[in-house]
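What follows is a single structure, written as structure tokens, with notes after it.
Number of protein chains: 4
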Amino acid sequence: MRFYSDNTATAAPEILAAIAEANQGHTIAYGDDPWTQRLDEVLGKFFGTRVRAFALATGTAANSLSLATLSPPWGAIYAHEEAHIGVDECGAPQFFTGGAQLVSLPGEHGKLTCETLRAAVDKHPANVHTVQPAVVSLSQATELGTAYRPAELTAISKLARERGLKLHMDGARFANACVFLDCHPGDVTWRAGVDVLSFGATKNGALAAEAVVFFNLELVRDFEFRRKRAGHLLSKSRFVAAQLLAYVETGVWQRNARRANDFARRIGQAAGTALLHPVEANEVFVHLGDERKAQLRNAGFEFYDWGPQTSGEARFVMSWDQREQDVTALAGALA
Amino acid sequence: MRFYSDNTATAAPEILAAIAEANQGHTIAYGDDPWTQRLDEVLGKFFGTRVRAFALATGTAANSLSLATLSPPWGAIYAHEEAHIGVDECGAPQFFTGGAQLVSLPGEHGKLTCETLRAAVDKHPANVHTVQPAVVSLSQATELGTAYRPAELTAISKLARERGLKLHMDGARFANACVFLDCHPGDVTWRAGVDVLSFGATKNGALAAEAVVFFNLELVRDFEFRRKRAGHLLSKSRFVAAQLLAYVETGVWQRNARRANDFARRIGQAAGTALLHPVEANEVFVHLGDERKAQLRNAGFEFYDWGPQTSGEARFVMSWDQREQDVTALAGALA
Amino acid sequence: MRFYSDNTATAAPEILAAIAEANQGHTIAYGDDPWTQRLDEVLGKFFGTRVRAFALATGTAANSLSLATLSPPWGAIYAHEEAHIGVDECGAPQFFTGGAQLVSLPGEHGKLTCETLRAAVDKHPANVHTVQPAVVSLSQATELGTAYRPAELTAISKLARERGLKLHMDGARFANACVFLDCHPGDVTWRAGVDVLSFGATKNGALAAEAVVFFNLELVRDFEFRRKRAGHLLSKSRFVAAQLLAYVETGVWQRNARRANDFARRIGQAAGTALLHPVEANEVFVHLGDERKAQLRNAGFEFYDWGPQTSGEARFVMSWDQREQDVTALAGALA
Amino acid sequence: MRFYSDNTATAAPEILAAIAEANQGHTIAYGDDPWTQRLDEVLGKFFGTRVRAFALATGTAANSLSLATLSPPWGAIYAHEEAHIGVDECGAPQFFTGGAQLVSLPGEHGKLTCETLRAAVDKHPANVHTVQPAVVSLSQATELGTAYRPAELTAISKLARERGLKLHMDGARFANACVFLDCHPGDVTWRAGVDVLSFGATKNGALAAEAVVFFNLELVRDFEFRRKRAGHLLSKSRFVAAQLLAYVETGVWQRNARRANDFARRIGQAAGTALLHPVEANEVFVHLGDERKAQLRNAGFEFYDWGPQTSGEARFVMSWDQREQDVTALAGALA
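Residue numbers (this note's numbering), protein chains in the order written: chain A, 5 to 339; chain B, 5 to 339; chain C, 5 to 339; chain D, 5 to 339.
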């Protein structure tokens, strides 16, 4: 019974079907195919505004290419200290940006606050001696399974705009946040001031498909050169685009996220006071102690430790294709 | 009737079947799945020696990550002036290596010679003022549709070794060369002194699958850090690995390459004296003149111009899934 | 009366004399001159061990080239949150290393502690998902005018060694620390486990001269390629080397540092309870409040604010050539 | 009797005097000093137009920072195959630009021609697959001791402008070219369409002083961040600025260049038919054969071989401070 991560999951049947359907006849490579050509329109409709969208195979590429487009090599990128870009990507943002400086900020339940952000930006005045404020990067849902409310995002984007910063959102679990908030995808992106979104599908039912979505169209600039140069322009681009189209158009995004979120909520309720953070997406963080963790593992539950070595904390991630019976078993074991 | 490129082709049914088959149950992400874990063994068997193999989604990534592993930022990488790494990758090798210098060398029919290579290496003596000789990169098949014979490769690798250079092979069309030469895959790689191969499957029937294959195991070094950091470690790695396994194990590699090569040979024979280079893979380069090219286009044949604007040259690439009737039509039109 | 920084100071007469003396006849460029050739020997004698030393014109270059030699692009470099490399170099270490990640750590009076260092290194386990622990960088004297004791350095270097980290020291004010500690230069470098030192002379009487000093000779590796490639190999290298030789051989290093330190101690004593950090080099940090700072400025004292905008803090730096009467005046004004 | 290179020479007395004169009192560091502040005005007057000028300590830094400001990482930089930036800087332009591609072009006597440039630019169409045309870099005087005439420069700059390229000039020996052409410094720079000049003084009498001079002021953009980040902003900036001011204001630039050029002309005349290139600056390239070279060396003349190992070619460089008697001796030996 695996609760390691949502990227251990399978791809949804709709996604495989879309790939098979796209596998008909010759088509121009490198993005000039009909599937890729539809991305802007379909994602624009999804978000309720005009967008430029680019298909990619990994979330690290989506994040790093976004950040490299938004920040000069001497830029500062502000993010939560748990952010995937700072913790789990082996320095990819630094590689793609040519050495921008990641500034890690604390914040309860995985969220940045205006206060810490303001203080951090103040440390980088406009002179050549220090890196220059360039980007705020938020994760939605956060790395601790919580979701920024539209008002929280708006407050941060307002501050960002005042200080000349661009706002990037790492949406590896965007669908989970959206479903939890029961809001329109536009409400937590462009309407709240997000400039660029890494829109993830892989963790929620795709094979390997992410999109970088520009709401601020002026910022697209050199994105396509950067993507090509990083080896992230797929020749048979139609197969990534087809996944993204199916993800959005068939409703897989919502159905899968809802299923995973529901599982997580059940587990969160079972965990009770062991819970470390509100369950607002498909992840559950609990303090169990080392003994209890060992018991669960002996009972066949697989999951990652969390926090420092002897913290006694654990993370359970619910995938869209988790078996109902496994979730029920875990809830029972945690209750 | 499209003869633009072999990356306009579909994926072979065996490849899609392998993906579907891999889509069962939860598995550890980021390469610790059973499919990825089999790559070394299966490709080792294919090449007839011990290898380390890494799955990737694009050929540019395969080439660039190989070169970055083999060359320091101040290295010189010697390649033919038509090489994909110098002409078609928007400077990706420079990005991945941290600025290594590509040295473009002439050579008949797309092949490097020992003479030009030796002279070029001589220009970079062992001092801090100049970039330092690091890598020779060959394409097999070449960008002009020819194939290096084992003896040619051995001569170059001998020179490379004498001068302290590593030997990289861009095998985006490796299967086509192998089938043409009717040789064992080991004969034109490790037995001929190749250190690292970019082993392409995408152009020959895969969806998106390439492998970097290390024959010189000591050189693997930091490869995995570089791959992760470049956003090229797929989370659902099983789906790329499964393509590579099927490509090799079902014989798709040979069947598809043979089919495309056969088509090319027919077109080459029809082209007669218009032929610019021997047809030794699945590409045909011809001099037709602008008028003749226009006629062919009017007749429904799609293909790329080649060479300088008014050269009157054209390139026809045969894909594995080219329709027999289209090839027959093209042969007739060219005869 | 300027107390902005020690780099507002003049060059010492011995330094100018050494330049003039080196200005005789033709000599081979790029470091093959007799002055540069003596650096290893003279600095080796100074530090009491075998060294490899390289002359540079700026401290940022010295730090960044050191770090780039010690850390791979995916390395983590641990430093105090006030460290010059993180705060005052516009991201130079990231540029030179190809994107290594700076990890900023807190610590009283500008000093790193083993506890925070250990916890930070623990966050970077040995897998491809995170940057890999590579270097600890300490400043001696620190950015807050304090000096690490030999025992403190030894404790940190022991931890560094256990965790596979190299130890770099930013010695922009190395002479000031040495003079304060009244110790042999070797006691706070190689004997305490330092691998590489940025040995600064510019702030303490040189025109523009810094040396990167390798105590761990195996680490020199690619340093010279990196230096050349960064435009930091001066053609008329003799003029930088001559400064460094004079700095060490004439005793300028000690005389100037002692003078500046003595001034600072007087100011520190005058400041009394306003003092924020022990005065152990040539810098004095005080909390005065905004009103008091304005009064001092009206009285003709020039100095930098310190800390956040309304902190009321100020920094006074004593240069080797500070006028005695100005120091007396400042002491009087602060008392 | 050393004829290796003009960077084996001493610094002119006027330069040392200017440094000594600048060594008075405290002054703000990092370029906010009165000497640095005068650079724009003084160099503007020298060139006869408004400029932005930045002081640096090396020519490699001047070239690389210029190119990094003018070219994106995916840019192509076109230069003569003998250009210093491609041959003698260990890949510095690639390091500073983040991996731009140097395109080496042939051309008689070290000069680029419009024909080869046009053909090279044509190879880089406006799509993401190839690097994008960004900069033409010319050396004046060239690496083979010749000088572009104003009309030649104008023709190249016209072509550059038409194709959207910026024009950079490596003026390590700018004074020598200017004196030979007997023209106003503006005639071979901004009036001929040069956007940015690396204005060298080190080879012609300075200690270590180069300036990047922007004629196209819009292009300055991020230059200052790049310089700082590369460790090339000297803290005691006044000492580099003072050299540049003296170099221009005292007429050292002209006097020294004239002296070196005159020597070269004498040597060139003596060499007669052995001469490989017209002598239009302070360098003389001759074909002597290996035997004759050995004889000269036995007679005490020191110089570098040129070309491939057995070419029998040699380079003699005249420095401003060459002894008259040595030049006479060399002329005698060559006649």
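Where is the CB? At the ideal position from N, CA and C, for every residue including glycine.
As the structure is a computational prediction, the values presented were derived from the model and not from experiment.
Q. So which residues of chain A does residue 32 (chain B) contact, with C-beta pairs closer than 8 Å?
A. Mapped onto the second sequence, residue 32 (chain B) falls at position 28. Ordered by position in chain A, the residues that pass the 8 Å Cβ test against residue 32 (chain B) are 8, 12.
Q. Using the C-alpha atoms, what's the distance from residue 193 (chain D) back to residue 143 (chain B)?
A. Within the second sequence, the letter at position 139 stands for residue 143 (chain B). Within the fourth sequence, the letter at position 189 stands for residue 193 (chain D). In a straight line, the C-alpha of residue 143 (chain B) is about 43 Å away from that of residue 193 (chain D).
Q. Hey, does residue 29 (chain C) have any beta-carbon neighbour from chain D nearer than 8 Å?
A. Your numbering for residue 29 (chain C) matches position 25 in the third sequence. Yes, contact with chain D.
Q. Can you name the residues that DSSP bridges to residue 170 (chain C)?
A. Indexing the third sequence from 1 puts residue 170 (chain C) at position 166. C:139, per the DSSP bridge assignment.
Q: Report buried or exposed for residue 11 (chain D), applying the criterion of at least 16 other Cβ atoms within 10 angstroms of its Cβ.
A: Position 7 of the fourth sequence, counted from the first residue, corresponds to residue 11 (chain D). It counts as buried.
Q) With residue 189 (chain D) and residue 307 (chain D) assumed to form a contact (beta carbons below 8 Å), what rounded beta-carbon distance in angstroms separates them? A) The residue you call residue 189 (chain D) lines up with position 185 of the fourth sequence. The residue you call residue 307 (chain D) lines up with position 303 of the fourth sequence. Their Cβ separation, rounded to whole angstroms, is 30 Å, which puts residue 189 (chain D) and residue 307 (chain D) out of contact at 8 Å.
Q: Give the residues of chain A in contact with residue 323 (chain B), contact being defined as C-beta atoms less than 9 Å apart.
A: What you label residue 323 (chain B) is simply residue 319 of the second sequence in a count that begins at 1. By Cβ distance, chain A contributes 30.
Q) In angstroms, rounded to a whole number, what distance separates the CA positions of residue 299 (chain C) and residue 124 (chain A)? A) The residue given as residue 299 (chain C) occupies position 295 in the third sequence. The residue given as residue 124 (chain A) occupies position 120 in the first sequence. Roughly 30 Å separates the two Cα atoms.
Q: Could you tell me whether the Cβ of residue 78 (chain D) comes closer than 8 Å to any Cβ of chain B?
A: Position 74 of the fourth sequence, counting from 1, holds the residue named residue 78 (chain D). Yes, residue 78 (chain D) lies at the interface with chain B (some Cβ there is under 8 Å from its Cβ).
Q.
Please give me, in chain order, every unbroken run of the beta strand (DSSP E) with length at least 3 that falls completely inside the stretch 231 to 299 of chain D.
A. 287 to 291
Q.
Could you tell me the alpha carbon to alpha carbon distance between residue 206 (chain A) and residue 154 (chain B), rounded to whole angstroms?
A. Within the first sequence, the letter at position 202 stands for residue 206 (chain A). Within the second sequence, the letter at position 150 stands for residue 154 (chain B). Spanning the two alpha carbons is a distance of roughly 42 Å.
Q. Is residue 328 (chain B) helix, strand or coil when you go by DSSP?
A. Here the question's residue 328 (chain B) lines up with position 324 in the second sequence. Helix at residue 328 (chain B).
Q: Kindly say whether residue 235 (chain D), judged by its beta-carbon, lies nearer than 8 Å to any beta-carbon of chain A.
A: Reading the fourth sequence from its first residue, position 231 is the one you call residue 235 (chain D). Taking Cβ atoms only, chain A never reaches closer than 8 Å to residue 235 (chain D), which makes this a no.
Q | Extent of the continuous beta strand (DSSP E) run through residue 204 (chain D) | A | Residue numbering aside, residue 204 (chain D) sits at position 200 when the fourth sequence is read from its first letter. Segment 200 to 204, the beta strand (DSSP E) holding residue 204 (chain D).
Q. Are there 16 or more other CB atoms within 10 angstroms of the CB of residue 126 (chain A), so buried, or fewer, so exposed?
A. The residue given as residue 126 (chain A) occupies position 122 in the first sequence. So residue 126 (chain A) ends up on the exposed side.
Q: Output yes or no for whether 8 Å exceeds the beta carbon distance between residue 71 (chain B) and residue 57 (chain B).
A: Here residue 71 (chain B) is taken as the residue at index 67 of the second sequence, counted from 1. Here residue 57 (chain B) is taken as the residue at index 53 of the second sequence, counted from 1. For residue 71 (chain B) and residue 57 (chain B), no; Cβs fall outside 8 Å.
Q | Straight-line Cα distance separating residue 215 (chain D) from residue 168 (chain A) | A | Start at 1 with the first residue of the first sequence, and residue 168 (chain A) comes out as number 164. Start at 1 with the first residue of the fourth sequence, and residue 215 (chain D) comes out as number 211. Answer to the nearest angstrom: the Cα atoms are 32 Å apart.
Q: Report yes or no: is there a C-beta of chain D within less than 8 Å of the C-beta of residue 43 (chain C)?
A: For the purposes of this step, residue 43 (chain C) is identified with residue 39 of the third sequence, where counting begins at 1. Cβ-Cβ to chain D under 8 Å: no for residue 43 (chain C).
Q.
If we require 4 or more residues per run, which alpha helix (DSSP H) segments fall completely within the stretch 64 to 125 of chain A?
A. 88 to 91, 96 to 101
Q: Please classify residue 49 (chain C): is it buried, with 16 or more other beta-carbons within 10 angstroms of its beta-carbon, or exposed?
A: Along the third sequence, one-based indexing puts residue 49 (chain C) at 45. Exposed: under 16 other Cβ atoms inside 10 Å.
Q: Establish whether the CB of residue 309 (chain D) and some CB of chain B are separated by less than 8 Å.
A: Locating residue 309 (chain D) in the fourth sequence gives position 305, counting from the first residue. Not an interface residue.
Q | Opening and closing residue of the alpha helix (DSSP H) in which residue 310 (chain D) lies | A | As a working note, residue 310 (chain D) is residue 306 in the fourth sequence. Run containing residue 310 (chain D): none in the alpha helix (DSSP H); it sits in the beta strand (DSSP E), 308 to 310.
Q: Using a Cβ cut-off of 7 Å, pull out every chain D residue sitting near residue 232 (chain A), in sequence order please.
A: Start at 1 with the first residue of the first sequence, and residue 232 (chain A) comes out as number 228. Within 7 Å Cβ-Cβ: 132, 133.
Q: Closer than 7 Å by C-beta to residue 277 (chain C): which residues in its own chain qualify, once you throw out the five before and the five after it? Chain order, please.
A: The count along the third sequence starts at 1 and reaches residue 277 (chain C) at position 273. Cβ neighbours of residue 277 (chain C) beyond the five flanking positions: none.
(Q) Considering only their Cβ atoms, is the gap separating residue 272 (chain D) from residue 283 (chain D) smaller than 8 Å? (A) Translated into positions along the fourth sequence, residue 283 (chain D) becomes position 279. Translated into positions along the fourth sequence, residue 272 (chain D) becomes position 268. Going by C-beta atoms, residue 283 (chain D) is nearer than 8 Å to residue 272 (chain D).
Q. Any idea what DSSP makes of residue 45 (chain D), helix, strand or coil?
A. As a working note, residue 45 (chain D) is residue 41 in the fourth sequence. Three-state DSSP puts residue 45 (chain D) in a helix.
Q: Determine the DSSP secondary structure at residue 320 (chain C), reduced to helix, strand or coil.
A: In the third sequence, counting from the first residue as 1, residue 320 (chain C) sits at position 316. Of the three classes helix, strand and coil, the one that applies to residue 320 (chain C) here is strand, per DSSP.
**Q.** Selected residue, minimal CA-CA separation from residue 79 (chain B), among D:95, D:75, D:83
**A.** The residue labelled residue 79 (chain B) in the question sits at position 75 within the second sequence. Measuring from the Cα of residue 79 (chain B), the nearest candidate turns out to be D:95.
Q: For residue 291 (chain D), I'd like the list of residues in its chain whose CB is within less than 7 Å of its CB, leaving aside the five on either flank, ordered along the chain.
A: Numbered from its first residue, the fourth sequence carries residue 291 (chain D) at position 287. 278, 280, 316, 317, listed in sequence order.
Q.
Using a Cβ distance threshold of 8 Å, determine whether the stretch 233 to 243 of chain B contacts the stretch 88 to 102 of chain A, with at least three qualifying pairs required.
A. yes
Q: Can you give me the start and stop residues for the alpha helix (DSSP H) that residue 22 (chain B) sits inside?
A: Taking the second sequence and counting its residues from 1, the one referred to as residue 22 (chain B) is at position 18. That run of the alpha helix (DSSP H) goes 17 to 26.
**Q.** Spatially closest choice to residue 254 (chain C) from C:180, C:8, C:191, C:210, by CA coordinates
**A.** For this step, residue 254 (chain C) is matched to residue 250 along the third sequence. Ranking the options by Cα distance to residue 254 (chain C), first place goes to C:210.
Q.
At a CB distance below 8 Å, what residues from the stretch 237 to 258 of chain C approach chain D? Give them in sequence order.
A. 237, 238, 239, 240, 243, 244
Q.
If you reduce the DSSP assignment to three classes, tell me which class residue 218 (chain B) lands in.
A. Residue numbering aside, residue 218 (chain B) sits at position 214 when the second sequence is read from its first letter. Of the three classes helix, strand and coil, the one that applies to residue 218 (chain B) here is strand, per DSSP.
Q. At a Cβ cut of 7 Å, what residues of the stretch 96 to 110 of chain B count as close to chain C, listed as they run along the chain?
A. 102
Q: For residue 15 (chain B), return the contacting residues in chain A, with the cut-off set at a CB-CB distance below 7 Å.
A: Translated into the one-based positions of the second sequence, residue 15 (chain B) becomes position 11. Result: 27.
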